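Asks:
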Amino acid sequence: MTTTTRGSTAAWGFGSIMRNYGIAVFLVLMIIVFSALMPGTFASAGNFRQILADQAVPGILALAVVLPLAAGEFDLSVGANLGITTILGITLASTGAPLIVVIAATILAGALIGAINAFMVIVVGVNAFVATLAMATILAGFNLLLTGSTLIIHNSEAFSAMTNTRIGGIQLVIAYFAVIAVVLWFVLERTPFGRYLRATGMGRDAATLSGVRTKRYLASAFIGAGLLAGIAGTLQASRASNATPDLGPEFLLPAYAAAFLGATAIRAGYFNVWGTVIGVYLLAVGANGLIILGAKTWVTHVFNGVALLIAVSAATLVTRRRKEAVAKTPPTPSGGDEPAAPATADAQTRVTD
Amino acid sequence: MSTALRIEGVSKTFAGQRGLSDVTLDIPAGQITALLGMNGSGKSTLIKILAGVYEPDTGGRAWVGETELSLPLTPTESHDAGLRFLHQDLGLVDSLTIADNFALVDRFFARGIVGAINTKRQNEHAATTLALFGIDEHPATLVGELSPSTRTMVGIARAFQGGVDSLRRTILVLDEPTASLPAEEVDRVLGMLELLRENGGTAIYVSHRIEEVRRIADRVAVLRDGMLVADEPLGARDSHEIVSLIIGRPLEKRQLSRAEVREGDSVLEARGLRGNRLQGVDLSVRAGEIVGITGLIGCGRSELVRMLAGAQQPSAGSMRLSGKDYRPRTPADAIAEGVTCVPQNRRTEGVVLDMSVGENLTLGRLERHTRAGVVDRGGEAAASEALSEAFLVKTASLAAPVRSLSGGNQQKVVVARAASGDVSVVLLDEPSQGVDALAKQEIANILRALAERGVAVVVASTDYDDFVGLADRVLVLNRGRHVATLEGADITEDRIALTCTTSAQAG
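If you read the sequences in order, they're chains A and B.
Read left to right, the first sequence gives residues 778 to 1130 (this note's numbering).
Read left to right, the second sequence gives residues 2 to 508 (this note's numbering).
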């Protein structure tokens, strides 16, 4: 039982595939079923390309929330961040500012919002949930101010071309999403930064006492989330060419849903890039298929919620069973541990020293 | 004198090991019985069985007065039987008033669960109980605003809300109630317990402070390795005799097992360190030396270790490392200068439970295995493999989560990490807490080997056995001050225990 918790060492049985790649299997099954039901409409290259492209911006936002989640915190401001950076991008583009200025200013604005969040949480010590919720509310107010409470548009063809250009029928925006996903995967899984960020999320005290400068990693997580939300906003501005004053918040919950769905793969509670990407497309394919089938809009909302509940419950149950298994069996090959209970009892009386 | 509580043949087995072995004990009514024993002796286990937290092995029986209780108890049954528990943290809510805290364990004066609370009646009810014990505080005072001793007294008074009658129906179990109190405040709490006894109250008093026990208790019950080894009137037993009962070992003197103590230069020095508990402590550790730090709960040894490790900032005082100023602001700073730490609470501060053994071994040291900003996974695995072999970490694989390891092996992971790389000082806080005997021995051997290499080792512990045959010097702290030093052949469990308790009495 000491070897089973990781995908790499688990046996390739049905159970382990479902445990580690359950949502991927589910996505494939859904595509097969919808394709069988609607070979002409759902299963068309055009529809698949549309789903891929439409989900690039929400997908980047979902990757944005992976950073703070991996560090053990919530950032509820990424949706509003996307909103204000989109509006900022459109406003700047409509003034005829050079493309590079539009892009740089928008992305930097996103990162700056992340930096303010980091300051509030780490330096001032405000609970992250509250600080980022307040930030989201403030940004929603600024959105009304910046737009004058009306729909805004830009007519910059160069800016639009940045995302809408097709190469071999594929919109460029998909390439940005892919590149960001690969880079973020690499940073999280292959660099000391990623390891320390995860240690910060999984055991902050132990990480700090082991010499990890956890405050820096927390700050990086918020700034990184802001940066990615800013990129998502820039791409949204480019792609949509218009924005309403209330843009943003509706992106927040799907992003978290995708990240949590993604965390059911590999290891329960392990927020990761590829799981999140699959989570984004799982929700999108479900909604798309149901709508083409003729379902009303409310059905897609119910589908999203139910999918999330089932996936997270399943992952929770698997984890609990695993931990109970660990608790019941004598721990290591050496055995001979002191009875756990009295040890903790003594620990309680000693902690206060 | 009638019996308030009788326990007969109660045992508790944890994972095949006896935590409590066939304990039979009578607690006389109207007396204070001190329950004594070292950490791990079974005191807490016994208390938790009475509180309904642990389920005892079948076969044990218990009575309150004439009524037999049905074991295992639930917390509600325990409460209904008149058993009340006061833990060290008191279980009071600081942000509520005294009256509200009383109501939390008894009842709110309200009609039904959603009716408005009658604050006036509630305050009057609490005021009666406070008056009974001579606590001069208004019931509407927030608990957080009370002095430490008053908080303890409020915690005790809360157990007796039925007025004078409830004194005789209640058995109060106090678990180290004075551990975190300054000396001058202990008297007030002891005075209150005397008042309780005069009114016919019954109490079980758990403490490591032998002088308090001698002052307040009528009887002593001593547990050792889960067995009741003494249950008798306190009589004229002196501190030394009580400590001998607790330790229960012949007065043997173990030889220092290290061949020689290196006379290296002083590596780490501290002058006048002050903090929440420390009241100005000096320390000097030489290269290759193993220094023990001990004292009773609340003496400040953990704080001292945390300051040396950069995890806490001293409010006054200075530190020098190899002759240079040493002011670590974070543990990362300390590690960069070669000072590493094995923290007290292994599961929250030592290891990241859900990370793998390998990841834990290199935590905070990954830059050693990084090339061009990328983790060199082959190099990291090789280093972890070497570390886990050298430090005898028994694990199925380096990829297994640390959670799956035994306490001893988890601790070896933490020690291995602390000892890896270019280290000049290793600090350990309670290294043998929750560690089995074999691993404890292995860790001691590792520390000896580190010292042979010229590393300065500081071991803070309340398990005096940790120092025997290992430490070159043991510093005894009491309430934030360095009060005694034991060296060489004086480093035995009973000498240390005696020094700790007698110095506490003097302080």
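For glycine and all other residues, C-beta sits at the position ideal for the given N, C-alpha and C.
None of the values given here were measured: they were computed from a predicted structure.
Can you tell me whether DSSP reads Phe15 of chain B as helix, strand or coil?
Replies: Strand, per DSSP.
Asks: Suppose contacts are defined by Cβ-Cβ distances below 8 Å. Is Asn119 of chain B in contact with Pro140 of chain B by that definition?
Replies: Not a contact, by the Cβ cut-off of 8 Å.
Asks: Just to make sure I have the definition right: I need the residues of chain A whose C-beta is within less than 7 Å of the C-beta of Arg418 of chain B. Which are they?
Replies: Chain A residues near Arg418 of chain B: Ser987.
Asks: In whole angstroms, give me the CA-to-CA distance for Lys254 of chain B and Val475 of chain B.
Replies: Residue confidence for Lys254 of chain B is low, a pLDDT of 37 falling below 50, so the modelled location carries little weight; the figure read from the coordinates is stated next. In a straight line, the C-alpha of Lys254 of chain B is about 15 Å away from that of Val475 of chain B.
Asks: Quick check: the Cα distance between Ser319 of chain B and Val415 of chain B, rounded to an integer number of angstroms?
Replies: For Ser319 of chain B and Val415 of chain B, the distance between alpha carbons rounds to 28 Å.
Asks: Taking DSSP as the reference, what is the three-state secondary structure of Arg255 of chain B?
Replies: A caution first: Arg255 of chain B carries a pLDDT of 39, below 50, which makes its placement in the model unreliable, though a value can still be read off. Three-state DSSP puts Arg255 of chain B in coil, outside helix and strand.
Asks: Check whether the segment 417–429 of chain B and the segment 379–392 of chain B touch, using three or more Cβ-Cβ pairs below 8 Å as the test.
Replies: Touching, yes, given that three or more Cβ pairs across the two stretches are closer than 8 Å.
Asks: Quick one: list the residues of chain A neighbouring Asp355 of chain B, beta-carbon separation under 7 Å, in chain order.
Replies: Residues of chain A passing the Cβ test: Met979.
Asks: For Ala1064 of chain A, tell me which candidate among A:Ala958, A:Ile915, A:Gln832 has the shortest Cα-Cα distance.
Replies: Comparing Cα-Cα distances from Ala1064 of chain A to each of A:Ala958, A:Ile915, A:Gln832, the minimum goes to A:Gln832.
Asks: Out of A:Phe906, A:Leu885, A:Thr942, A:Leu1070, state which residue places its alpha-carbon closest to the alpha-carbon of Leu814 of chain A.
Replies: It is A:Leu1070 whose Cα lies nearest to the Cα of Leu814 of chain A.
Asks: Quick one: is Gly972 of chain A near chain B, going by C-beta distance under 8 Å?
Replies: Here residue 972 of chain A is Arg; the residue named in the question, Gly, does not match the sequence. Answer yes: the Cβ-Cβ gap between Arg972 of chain A and chain B drops below 8 Å somewhere.
Asks: When DSSP labels each residue in this structure, what does Tyr206 of chain B get in the three-state scheme?
Replies: Of the three classes helix, strand and coil, the one that applies to Tyr206 of chain B here is strand, per DSSP.
Asks: Less than 8 Å between the CB atoms is what I'm expecting for Val343 of chain B and Leu235 of chain B, so what's the real figure, rounded?
Replies: Actually they do not touch by this definition, with Cβ atoms about 39 Å apart.
Asks: Using a Cβ cut-off of 8 Å, pull out every chain A residue sitting near Arg287 of chain B, in sequence order please.
Replies: Simply none; closest approach about 24 Å.
Asks: Output yes if chain B places a C-beta closer than 8 Å to the C-beta of Arg990 of chain A; else output no.
Replies: So yes, Arg990 of chain A belongs to the interface.
Asks: Are any of the Cβ atoms in chain A nearer than 8 Å to that of Glu149 of chain B?
Replies: Checking the sequence shown, residue 149 of chain B turns out to be Pro, not Glu. Answer no: the Cβ-Cβ gap between Pro149 of chain B and chain A never drops below 8 Å.
Asks: Could you give the DSSP three-state label for Gly380 of chain B: helix, strand or coil?
Replies: It is helical.
Asks: Using three-state DSSP, classify Ser407 of chain B as helix, strand or coil.
Replies: Of the three classes helix, strand and coil, the one that applies to Ser407 of chain B here is coil, per DSSP.
Asks: With a threshold of 8 Å between beta carbons, is Ile336 of chain B in contact with chain A?
Replies: Yes, Ile336 of chain B lies at the interface with chain A (some Cβ there is under 8 Å from its Cβ).
Asks: Just confirm the distance between the C-beta atoms of Val268 of chain B and Val286 of chain B, as a whole number of angstroms; I'd bet it's less than 8 Å.
Replies: Rounded, the Cβ-Cβ distance is 6 Å, consistent with contact.
Asks: For Val424 of chain B, which three-state DSSP category applies?
Replies: Coil.
Asks: Let me know the alpha helix (DSSP H) ranges lying completely inside the segment 156–196 of chain B, each 4 residues or longer, listed in chain order.
Replies: Segments of the alpha helix (DSSP H) lying fully in the segment 156–196 of chain B: 165–170.
Asks: Let me confirm a value: Ala498 of chain B is counted as buried when at least 16 other C-beta atoms fall within 10 Å, else exposed. Which label applies?
Replies: Ala498 of chain B is buried by the Cβ-count criterion.
Asks: What does Cys342 of chain B pair with, by DSSP beta-bridge criteria?
Replies: In DSSP, Cys342 of chain B forms a bridge with B:Leu428.
Asks: For Pro178 of chain B, decide whether its Cβ has a neighbour in chain A, counting only Cβ atoms nearer than 8 Å.
Replies: Output row for Pro178 of chain B: interface = no.
Asks: Please confirm whether Ala913 of chain A and Pro1026 of chain A have their CB atoms less than 8 Å apart.
Replies: Result yes, Cβ atoms of Ala913 of chain A and Pro1026 of chain A sit closer than 8 Å.
Asks: With burial defined as no fewer than 16 other Cβ atoms inside 10 Å of the residue's Cβ, what is the status of Glu512 of chain B: buried or exposed?
Replies: Residue 512 of chain B cannot be examined here, being either before or after the span of chain B that is shown, 2 to 508.
Asks: Considering only the alpha carbon of each residue, which of B:Gly20, B:Gly299, B:Val11, B:Arg238 lies closest to Asp27 of chain B?
Replies: Looking at the Cα atoms, B:Val11 is the closest of the given residues.
Asks: Is Cys371 of chain B close to chain A? Criterion is C-beta to C-beta, closer than 8 Å.
Replies: Looking at the sequence shown, residue 371 of chain B is not Cys but Thr. Yes, its Cβ sits closer than 8 Å to a Cβ of chain A.
Asks: My assumption, with CB atoms under 8 Å, is that Leu196 of chain B sits in contact with Gly164 of chain B. Please give the rounded CB distance.
Replies: Their Cβ separation, rounded to whole angstroms, is 14 Å, which puts Leu196 of chain B and Gly164 of chain B out of contact at 8 Å.
Asks: Which residues in chain B sit within 7 Å of Arg967 of chain A, going by Cβ to Cβ distance?
Replies: The contacting residues are Val375, Val376.
Asks: For Phe773 of chain A, which residues in the same chain have their Cβ closer than 8 Å to its Cβ, ignoring the five residues on either side in sequence?
Replies: With chain A covering 778 to 1130 only, the question about residue 773 of chain A has no answer from this structure.
Asks: Would you mind telling me which residues of chain A sit closer than 9 Å to Arg366 of chain B, beta carbon to beta carbon, in chain order?
Replies: Ser987, Gly988, listed in chain order.
Asks: Please report the straight-line C-alpha distance between Leu257 of chain B and Val426 of chain B, rounded to a whole angstrom.
Replies: Confidence in Leu257 of chain B is poor, its pLDDT being 45 and thus under 50, which makes the residue's placement too unreliable to answer from.
Asks: Going by beta-carbon coordinates alone, are Ser1015 of chain A and Thr940 of chain A separated by less than 8 Å?
Replies: Yes, they are a contact pair.
Asks: What is the DSSP secondary structure of Gln434 of chain B, counted as helix, strand or coil?
Replies: In the structure shown, Gln434 of chain B sits in coil (DSSP, three-state: anything other than H, G, I, E or B).
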